[in-house]
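**Student:** The sequence shown begins at 1 in UniProt numbering and counts up one residue at a time.
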Amino acid sequence: MNSAAEMIISFGDIAHAIQLALAPVFLLTGIAGLLNVMASRLARIIDRGRSLTEEELPAHFQNSDLLHKELSRLERRRHYASSAITACTCSALLVCMVVAFIFLQVLLQVQFKWVISALFTASTLTLIVGLAYFLREVHLATRTVRIQVITR
Numbered sequence: 001m002n003s004a005a006e007m008i009i010s011f012g013d014i015a016h017a018i019q020l021a022l023a024p025v026f027l028l029t030g031i032a033g034l035l036n037v038m039a040s041r042l043a044r045i046i047d048r049g050r051s052l053t054e055e056e057l058p059a060h061f062q063n064s065d066l067l068h069k070e071l072s073r074l075e076r077r078r079h080y081a082s083s084a085i086t087a088c089t090c091s092a093l094l095v096c097m098v099v100a101f102i103f104l105q106v107l108l109q110v111q112f113k114w115v116i117s118a119l120f121t122a123s124t125l126t127l128i129v130g131l132a133y134f135l136r137e138v139h140l141a142t143r144t145v146r147i148q149v150i151t152r
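(1) Pull up the distance between the alpha-carbon of residue 32 and that of residue 151, whole angstroms please.
(2) Can you find the residues in the same chain that come closer than 7 angstroms, C-beta to C-beta, to residue 130, ignoring five residues on each side of it along the sequence?
(3) Would residue 14 be called buried (16 or more neighbouring beta carbons within 10 Å of its own) or exposed?
(4) Please go through the segment 18–63 and give each complete alpha helix (DSSP H) segment of 4 or more residues, from N-terminal end onward.
(5) Using the C-alpha atoms, what's the distance from residue 142 back to residue 67?
(6) Under the three-state reduction of DSSP, which class applies to residue 85: helix, strand or coil?
(7) Roughly how many whole angstroms lie between the Cα atoms of residue 121 and residue 53?
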């Protein structure tokens with residue numbers, strides 16, 4: 001009879017652990033959406049770089065200084081986008097570790113509050129770094145691309 005009571009407590013503890021893990025799981029969903037946007041931007045940067053180096057150049061790029069400037073800008077943008085993806089992926093991995101430690105705390109009946117707090121704080125900080133790199137890449141993109149308006 002005692003083991004049945006322990007099982008009920010264990011199920012209650014597991015249910016509580018699932019409730020605690022829901023918020024980090026929603027955070028993972030948000031990070032996944034960000035990673036999708038960032039990966040799409042990186043792919044476009046790479047495609048643009050390839051088109052400038054592997055295909056016939058447009059007339060305005062016949063001047064090698066303009067081409068060199070454009071490739072240099074694309075490389076900087078690629079670096080920022082890649083760094084943003086790396087930081088956000090690390091953030092997602094840290095969130096996964098938070099969820100794992102929440103369940104380990106319940107299963108092993110060991111307090112991991114400090115570990116969970118440290119991992120969540122590290123996850124938030126790496127997400128901030130990733131968003132800062134992403135913002136920098138977007139800023140570079142909007143600063144370097146000019147849309148010419150043709151007036152008639």
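All C-beta atoms, glycine included, are put in the ideal place defined by N, C-alpha and C.
**Tutor:** The short version:
(1) The straight-line gap separating the alpha-carbon atoms of residue 32 and residue 151 is approximately 42 angstroms.
(2) Within the same chain, residue 130 has close Cβ partners 84, 87, 88, 91.
(3) exposed
(4) none
(5) 18 angstroms
(6) helix
(7) 42 angstroms
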